[in-house]
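Numbering (this note's numbering), first residue to last: 1437 to 1834.
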């Protein structure tokens, strides 16, 4: 975060104070030198009232100096004119010219520079000296060099201010972009967690709903069958709660201890597919599996996890939309060929949905996106034989 001065008033007050003191010191030095020179023998006499007028005009110029930021051109022009009648106003005139030059607009700067040169010649007329022509030319050259140096200082300060302003703007832009990236990362993470929750819970909840629906519709079950079905419901409900707890652990610090153990987000792999199929068969589903994956243990974590989620969603989708229909699963591949997944089941004609399972319509869309993000592809639809087929191809990256 950029650090900013919470109270700029003291800084502004000190900035105005030291500039006024500098203008007063410089103008007082010039006025003192002029007064000392006027006392030298051979110099023309100067009325005493003229020194008083110079002091008054110099004070007026110093009083105008704090207004130079709000009215840079008028203040610079007025102080330049006053410096033509008062040596004490010279310091205020130079600082006002520097402030005007920081804006780097050559026309106002050229006008004030011309006024300053005219004011220098005017002061020579108000306080004539006995230096002769060459002395007046030397004074004019010195005055020109001072004005040029003053303008150069103003341009340099203006350039530095613009540079600092551009740095400030870049820093603020970087902060906004960083905040935007953080917000986008958080939104992406929330979407991933939501998808993970869907993948984890849909399988278990569908089993619970199917068996509870069987208890509601089957009145001919024996006591043992009812007990076994209730145990399946209980076990799957417990597993659903456990997996939900694990998924929600992603929202916390994985290193934070809980019940003496660290929270670990669920990391299902292809090795877990056998257990998934066993759960399906336990629930009474007919699932035939043909798994032929070379070097399964070396499968990348991302590939293994994505493949498990795709298989899980396909089995859940088949249970929801084709209850009681046999499902065939084929998984083939290896490090060189990639991984191919095929899940198929006959499409039942006029099949009802007695368990009342919700159809979200987002399961296959979610795993399709998962496959695409992994660099692969997923297609699904009904083939010529009337089977609903899901095909997925995932790259095997080392």
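Note that CB positions come from ideal geometry on N, CA and C, so glycine has one too.
Keep in mind it's a predicted model, so treat the numbers as computed, not measured.
query	result
What is the DSSP secondary structure of residue 1712, reduced to helix, strand or coil?	helix
Using only CA atoms, which one of 1485, 1521, 1544 and 1518 lies nearest to residue 1507?	1544
Give the secondary structure of residue 1762 by DSSP, where H, G and I count as helix, E and B as strand, and everything else as coil.	coil
With residue 1538 and residue 1579 assumed to form a contact (beta carbons below 8 angstroms), what rounded beta-carbon distance in angstroms separates them?	The Cβ separation is near 21 angstroms, so there is no contact.
Under three-state DSSP, which class holds residue 1661?	helix
Following the continuous alpha helix (DSSP H) through residue 1515, name the residue where it begins and the one where it ends.	1508-1518
Starting from the C-beta of residue 1796, find all residues in its chain whose C-beta is less than 6 angstroms away, skip the five residues before and the five after it, and write them out in chain order.	With a pLDDT of only 45 at residue 1796, under the threshold of 50, the placement of this residue in the model should not be trusted, and no figure is reported.
Which ranges would you report for the alpha helix (DSSP H) in the segment 1514-1553 if only whole runs of at least 4 residues count?	1526-1537
Give me the Cα-Cα distance between residue 1614 and residue 1628, rounded to the nearest whole angstrom.	21 angstroms
Please state whether DSSP places residue 1828 in a helix, a strand or coil.	strand
Going by CA-CA distance only, name the one from 1536, 1498 and 1547 that's closest to residue 1523.	1498
Is it right to say residue 1813 is buried, meaning 16 or more other beta carbons lie within 10 angstroms of its own, or is it exposed?	exposed
Please identify the residue among 1521, 1750, 1574 and 1746 whose C-alpha is closest to the C-alpha of residue 1808.	1746
Can you name, in chain order, every residue of its own chain whose Cβ lies under 6 angstroms from the Cβ of residue 1672, other than the five neighbours on each side?	1640, 1643 and 1644
When the Cα atoms are used, what is the spatial distance from residue 1606 to residue 1588?	27 angstroms
Does DSSP classify residue 1837 as helix, strand or coil?	Absent from the structure is residue 1837, since the part of the chain shown begins at 1437 and ends at 1834.
Is the distance from the Cβ of residue 1750 to the Cβ of residue 1826 below 7 angstroms?	yes
Can you check DSSP and say which residues form a bridge with residue 1778?	1766 and 1827
Would you tell me roughly how many angstroms separate the C-alpha atoms of residue 1665 and residue 1710, rounded to the nearest one?	22 angstroms
According to DSSP, which residues form a beta bridge with residue 1727?	1767
Measure the beta-carbon distance from residue 1725 to residue 1775 and round it to whole angstroms, keeping in mind my assumption that it falls under 8 angstroms.	With 8 angstroms as the limit, residue 1725 and residue 1775 do not qualify as a contact, their Cβ atoms being about 15 angstroms apart.
Which residue comes first and which comes last in the beta strand (DSSP E) that contains residue 1814?	1813-1818
Beta-carbon within less than 7 angstroms of residue 1766's beta-carbon, same chain only, minus the 5 sequence neighbours each way: which residues are those?	1726 and 1778
Using CA atoms only, rank isn't needed, just tell me which of 1573, 1526 and 1540 is closest to residue 1551.	1526
For residue 1740, report the span of its alpha helix (DSSP H) as first-last.	1737-1757
Please work out which residues of its chain come closer than 6 angstroms, Cβ to Cβ, to residue 1469, disregarding the five sequence neighbours upstream and downstream, and give them in chain order.	none
Go ahead and label residue 1472 buried or exposed: buried means 16 or more other beta carbons lie within 10 angstroms of its beta carbon, across all protein chains shown.	exposed
Pick out whichever of 1704, 1760, 1490 and 1500 has its Cα sitting closest to the Cα of residue 1717.	1760
Please check the pair residue 1728 and residue 1768, which I expect to be a contact at CB under 8 angstroms, by giving their CB distance rounded to whole angstroms.	5 angstroms
Which whole-angstrom value is the C-beta distance of residue 1723 and residue 1763, which I expect to be below 8 angstroms?	5 angstroms
Can you give me the C-alpha to C-alpha distance between residue 1741 and residue 1599, rounded to a whole angstrom?	51 angstroms
At the level of alpha carbons, what is the spacing between residue 1637 and residue 1648?	16 angstroms
Can you have a look at residue 1650 and say buried or exposed, based on whether 16 or more other CB atoms are within 10 angstroms of its CB?	buried
When DSSP labels each residue in this structure, what does residue 1595 get in the three-state scheme?	helix
Quick one: what does DSSP say residue 1504 is sitting in, helix, strand or coil?	coil
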